[in-house]
Each structure stands twice: as C-alpha cells, then as structure tokens.
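With full-length UniProt numbering applied, the sequence shown corresponds to residues 1 to 327, in that order. Ideal Cβ placement from N, Cα and C applies to all residues, glycine included.
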Amino acid sequence: MVVPVDRANLYGEYRPLLFSLAYRMLGTSSDAEDAVQDVFLRLEEHPPGDKAYMKAYLCKMTVNRCLDLLKRLRLQRELYIGPWLPEPVSTEADDPSAAYLRGEGISFAILLLLETLDPAERAVYILREAFAFDYKAIAEATGRSEAACRQTMSRLRPKIEAAQPPGELMSADEAAPLVLQFLHAARTGDLAGMLELLHRDAVLRSDGGGKVSAAVRPIAGAQAVAAFLGGLARKFAGAPDSAGRPGEAEAARVSAASEQPASPDGPASAPAAAFGWLSLNDQPGLLFRIDGQVDTALVIEASAGRIRALYLMRNPEKLHGLRGGGS
Numbered sequence: 001m002v003v004p005v006d007r008a009n010l011y012g013e014y015r016p017l018l019f020s021l022a023y024r025m026l027g028t029s030s031d032a033e034d035a036v037q038d039v040f041l042r043l044e045e046h047p048p049g050d051k052a053y054m055k056a057y058l059c060k061m062t063v064n065r066c067l068d069l070l071k072r073l074r075l076q077r078e079l080y081i082g083p084w085l086p087e088p089v090s091t092e093a094d095d096p097s098a099a100y101l102r103g104e105g106i107s108f109a110i111l112l113l114l115e116t117l118d119p120a121e122r123a124v125y126i127l128r129e130a131f132a133f134d135y136k137a138i139a140e141a142t143g144r145s146e147a148a149c150r151q152t153m154s155r156l157r158p159k160i161e162a163a164q165p166p167g168e169l170m171s172a173d174e175a176a177p178l179v180l181q182f183l184h185a186a187r188t189g190d191l192a193g194m195l196e197l198l199h200r201d202a203v204l205r206s207d208g209g210g211k212v213s214a215a216v217r218p219i220a221g222a223q224a225v226a227a228f229l230g231g232l233a234r235k236f237a238g239a240p241d242s243a244g245r246p247g248e249a250e251a252a253r254v255s256a257a258s259e260q261p262a263s264p265d266g267p268a269s270a271p272a273a274a275f276g277w278l279s280l281n282d283q284p285g286l287l288f289r290i291d292g293q294v295d296t297a298l299v300i301e302a303s304a305g306r307i308r309a310l311y312l313m314r315n316p317e318k319l320h321g322l323r324g325g326g327s
C-alpha cells in the first residue's frame, strides 16, 4: 500500500537530520542541500509503503542520492586546484540543524578522513558513529547485509582511531579561552605566546579553490604556522575581549574600531577589516570580513590544551552559507 505524503510537514521535521547526514557524506553544505531537495522531490513519486518507517526510508533515499553525487564529486575533487577542504557549517545554538551537526563525524579532521574511504564505507561509518543506527537499519539504508556492515565497522574503527590525533577534540566552548589567548598573541605579534599554545606538530591547511590566493601546500610545524598567522592577524584591527567569548556587541565594537573611512581630501583608505567569532563544525571559528563581506573562515581544532590544526577557507563558493554569520 502506498502512503500519501505531506511533503511540507515532512520537510520541516526531517530536513535537519537529512541535511546533517548528507553533509557528512558529501563535505559541502551546497551539495548536501541539493541532495535533500532531490530526496523530497522524489518522495512524492516514490513514497514509502509504511509511514512508520519514514525516517529510515528518507535516510536510505539520502544515502543513495549522496552515493550518486559522490561519483561526480570525486572526479571534480581529483582536479581541484590546491588542497580540498570541507565547506564550514555553522553549529551555533540558534541554527536549526545545529543539534544534528554537532558530535561525531563533523570535525574537519574526520571529514577529511572520510574522504579517503570508499563512499559505501563512509555511509556505514556515519550512520553507525554519528547517528547510532543499529546494523539492521544500516543494512537497509546501504543495501548491504548486516554482516557486511559489521565487518566494515570492525575494519574502519582501528584505521580511523589511528589517524586521529591523541586526545579528544575540544568543543567551541571548551576551547574558547585557549583560542582567545592565541588571537591576542597573534594580533600583538607575541610569537612566543603563539608557540606556547600551538602543538609542535600543528598544521594549517587552506583552500582557495584556484579562485583566490591560498597556500597550495599544508603549512606544518608550530614555527611556520605562527609566522603565517601572525602576518594574517596584522591585517585585522581589533580583537575579541580576552575575558570571554565575544558576543554581538563585541563583534560590533571590533568592526567599528577597525573601519577607517575614506578621507575626502586624500586617497581612499585601505579596505575596512573586521572579524567575528562563531562555532563552525562544533569547533572554534572566525569569520574575517573585508568591507563587510566574508573573505575568509578559520576553523580551529584543539585538544589537550593545544591547537593542533587550523583550516583556512578562502574559496568564495564555500563561504555562501556563512554570509550572515559571525556578525
């Protein structure tokens, strides 16, 4: 028996879950949004046989759509200019998808690791680790047997654990004091202060997509990372207050302090630069703006009181979803 569907209500109920699943599968919010839209368009043509299984049915449709998209995306990423990074997404508390986007499988470290897996393996791992699906549900969503899904997880767990840095990643709130200290050191040119907060094997990766300037190779080692970020920090006037995580009022103060109006009697001033703080991929994040437009997003990953990885997103196509954030 075919079950009639109320697409609008189902979209409101399941869109956050399906978007977070598709984002983990694809690594970009724009492609994830397209996948979810396709699923709901196809739902009217192919409704489930039993409404009680709507969640599992929609997840299966989303996984299948993502597997199809990954065939095209994989070729595009092989031809990508410079390092490919995931598209940063907001995990602020007021974001409707935030609850599903926090937790396992959302950090850049994990998303980059998932890129190395076979797409079907990726689906098994995400459904098990990020959404706690049982193996029967995973088998139904992926079209594999329960035994095959169990074997996949047994094989993947040690591989993924070995590839992750020691120590659990700190959340955006947990890492806030550390990041604020680091930003202050960077802005004031305190190289020793920056080095104290960076892990000695810290790595910075940047993604310009061949559209804007960005480092084409990872910057490795605390000294090199500190030197690079020190130069970037000098471009931006103002800094968040070291007493705590800055809010909207502080961000406005930073922006106002950094903007320099053009003189009517002289040449135009340098572009106004400002930055704001927000949670990106459940990690501390910064949005850098030039003349009010988002220019760069920085995602910071820290564990055991040290910054281990930094991800600099400069590709404008991967900043569309953050245009209104960090203000």
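Taking the alpha carbon of residue i as the reference point, which residue from the options has its own alpha carbon closest?
i: I126; options: R24, A99, V179; result: R24
i: S97; options: G27, D34, R15, V36; result: R15
i: Y183; options: F288, K55, Q76, M54; result: In the sequence as displayed, the identity of residue 183 is Leu instead of Tyr. Considering only alpha carbons, the answer is F288.
i: L204; options: G221, V212, D134, L180; result: G221
i: T142; options: A56, I160, A175; result: A56
i: I160; options: D207, L111, V299; result: L111
i: E51; options: L18, D6, D38, E78; result: It should be pointed out that residue 51 corresponds to Lys in this sequence rather than to Glu. For K51, the nearest C-alpha among the options comes from D6.
i: residue 348; options: E301, G276, D134, G105; result: Given a span of 1 to 327 for the chain in the structure shown, any question on residue 348 remains unanswerable.
Measure the C-alpha to C-alpha separation of residue i and residue j and round it to an integer number of angstroms.
i: G292; j: P158; result: 45 Å
i: Y11; j: A274; result: 36 Å
i: F131; j: A120; result: 16 Å
i: P47; j: A35; result: 17 Å
i: C149; j: L117; result: 14 Å
i: V299; j: R314; result: 12 Å
i: K318; j: E87; result: 5 Å
i: P166; j: E45; result: 48 Å
i: L58; j: S20; result: 13 Å
i: S30; j: L322; result: 12 Å
Does DSSP classify residue i as helix, strand or coil?
i: I219; result: strand
i: H46; result: coil
i: I106; result: coil
i: G300; result: Per the sequence shown, the amino acid found at residue 300 is Ile instead of Gly. The answer is strand: DSSP assigns I300 an E or B state.
i: D207; result: strand
i: A185; result: helix
i: Q293; result: strand
i: G231; result: helix
i: Y80; result: coil
i: L287; result: strand
i: M170; result: coil
i: S97; result: coil
i: S145; result: coil
Measure from the C-beta of residue i to each C-beta in chain C and report whether the shortest distance is under 8 Å.
i: G193; result: The displayed structure is made up of one protein chain only, and chain C is not part of it.
Looking only at its chain, what residues have a beta carbon closer than 8 Å to the beta carbon of residue i, apart from the 5 residues adjacent to it on each side?
i: A8; result: none
i: E168; result: S303
Identify, in the order they occur along the chain, each residue of the same chain with its Cβ nearer than 6 Å to the Cβ of residue i, setting aside the five sequence neighbours on each side.
i: L114; result: R122
i: P218; result: V203, R205
i: A137; result: A56
i: F133; result: L127
Just checking my contact of residue i with residue j at CB under 8 Å: how many whole Å lie between their CB atoms?
i: residue 333; j: M153; result: As displayed, the chain neither begins before 1 nor continues past 327, which places residue 333 out of reach and without an answer.
i: L232; j: I307; result: Going by Cβ atoms, the distance from L232 to I307 rounds to 14 Å, so no, they are not a contact pair.
i: P83; j: V179; result: Incorrect: roughly 22 Å between the Cβ atoms, too far for contact.
i: residue 350; j: G209; result: Coverage of the chain is limited to positions 1 through 327, which leaves residue 350 absent and any answer about it impossible.
Spatial neighbours of residue i within its chain, please: C-beta separation below 7 Å, excluding the five flanking residues on both sides.
i: S171; result: D282
i: K60; result: E140, A141
i: A215; result: S206
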